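Participant: For reference, the structure I am asking about is given below.
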Amino acid sequence: MRPTTISSLLMPKQKSQTFTRIRAEVIRLVSLIPVGKFTTYGSIAIHMNVVPRHVATVISRLTEEESATLPWHRVVSTNARISQNMPIEIASVQQARLQVEGLSIDAKGYIKNADDHFHVVGVRREIRWTDAD
DNA sequence: AGGGAGGCGCTTC
DNA sequence: GGAAGCGCCTCCC
Numbered sequence: 004m005r006p007t008t009i010s011s012l013l014m015p016k017q018k019s020q021t022f023t024r025i026r027a028e029v030i031r032l033v034s035l036i037p038v039g040k041f042t043t044y045g046s047i048a049i050h051m052n053v054v055p056r057h058v059a060t061v062i063s064r065l066t067e068e069e070s071a072t073l074p075w076h077r078v079v080s081t082n083a084r085i086s087q088n089m090p091i092e093i094a095s096v097q098q099a100r101l102q103v104e105g106l107s108i109d110a111k112g113y114i115k116n117a118d119d120h121f122h123v124v125g126v127r128r129e130i131r132w133t134d135a136d
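4 is the number of the first residue of the first sequence in the numbering used here; add one for each residue after it.
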């Protein structure tokens, strides 16, 4: 997108208002996940009324500062599994950090005793855990 | 188990 | 302006 208006020249980093809002909210929610807990993309998405992809997009495009300060590693895929479509080195970091925080993860990337560590983002919890255990 | 589609929003053509 | 492709996902077949 090229800056062609006065406002875009004044605020070159401003994207669409919608996505900016989504992004800020995702970051806020992630920052609220306590040590030793985790939540899922879908959980955050449901709470915010957006599609999971957008949550993933935000988290995958954090700035260096944000990824350094934000507990992004506490966000995993459905059924408490570490995302498989992620560069292995990043997934390794994520798994290591979670283990440091006291979580057990099996060989397939599933967090053990997920219910004991699941952080409910908001009031709505419409995730299917039926086959989780 | 593996692949396709989907609500949306971004980017590029 | 608008179409097509893409996405640390998820659901459904």
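Using N, Cα and C, we set each Cβ at its ideal position, and we do this for glycine too.
Since we're looking at a predicted model, the values are computed, not measured.
Once the 5 residues before and after R131 are set aside, which same chain residues still bring their CB inside 7 Å of it?
Facilitator: Because R131 carries a pLDDT of 44, less than 50, the predicted location of this residue cannot be relied on, and the following value inherits that uncertainty. So the list is empty, once near-sequence residues are dropped.
Participant: Can you check whether the CB of V78 is closer than 8 Å to the CB of Y44?
Facilitator: yes
Participant: Is the number of C-beta pairs between the stretch 16 to 32 and the stretch 55 to 71 that are closer than 8 Å three or more?
Facilitator: yes
Participant: Taking the CB atoms as reference points, tell me whether I85 and Q102 lie closer together than 8 Å.
Facilitator: no
Participant: Does V33 come out as helix, strand or coil in the three-state DSSP assignment?
Facilitator: helix
Participant: Within the continuous alpha helix (DSSP H) that includes E67, where are the two ends?
Facilitator: The continuous alpha helix (DSSP H) containing E67 extends over residues 67 to 72.
Participant: I'd like to confirm the pairing. Which residues does DSSP put opposite G26 in its beta bridges?
Facilitator: According to the sequence displayed, residue 26 carries Arg and not Gly. Answer is none; R26 lacks a bridge partner.
Participant: Roughly how many whole angstroms lie between the Cα atoms of S46 and N52?
Facilitator: 10 Å
Participant: Is it true that the CB of V124 sits closer than 8 Å to the CB of T66?
Facilitator: no
Participant: With Q98 as the anchor, note down where its alpha helix (DSSP H) starts and where it stops.
Facilitator: 91 to 103
Participant: With DSSP collapsed to three states, give me the class of R84.
Facilitator: strand
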